[in-house]
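Position 46, counted from 1, in the sequence shown is what the numbering used here calls 46; the numbers after and before it change by one each time, with no gaps. Notes to accompany the following structure.
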Amino acid sequence: VRLYDGRTGEAFERPVTVGYMHVLKLHHLVDDKMHARSTGPYSLVTQQPLGGKAQ
């Protein structure tokens, strides 16, 4: 497909892709997935923080 400049009528040198654009809704939103931790319980065996957001 050739694309022409509307003001000058000249064709653009680069090829142009024409087609449908699809938009998808994200099911995982950042507000639901965000998690931070400053202090909290640690495992006695590994000394690592206990399990994630749910704990």
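Note that the Cβ used here is the ideal one computed from N, Cα and C, for glycine as well.
Alpha carbon to alpha carbon, how far is residue j from residue i? Give it in angstroms, no decimals.
i          : j          : result
residue 17 : residue 1  : 7 Å
residue 35 : residue 45 : 24 Å
residue 11 : residue 37 : 57 Å
residue 14 : residue 6  : 16 Å
For the alpha helix (DSSP H) containing residue i, list its first residue and its last residue.
i          : result
residue 30 : 30-33
Per DSSP, residue i is paired with what?
i          : result
residue 49 : 42
Report the three-state DSSP secondary structure of residue i (helix, strand or coil).
i          : result
residue 36 : coil
residue 4  : strand
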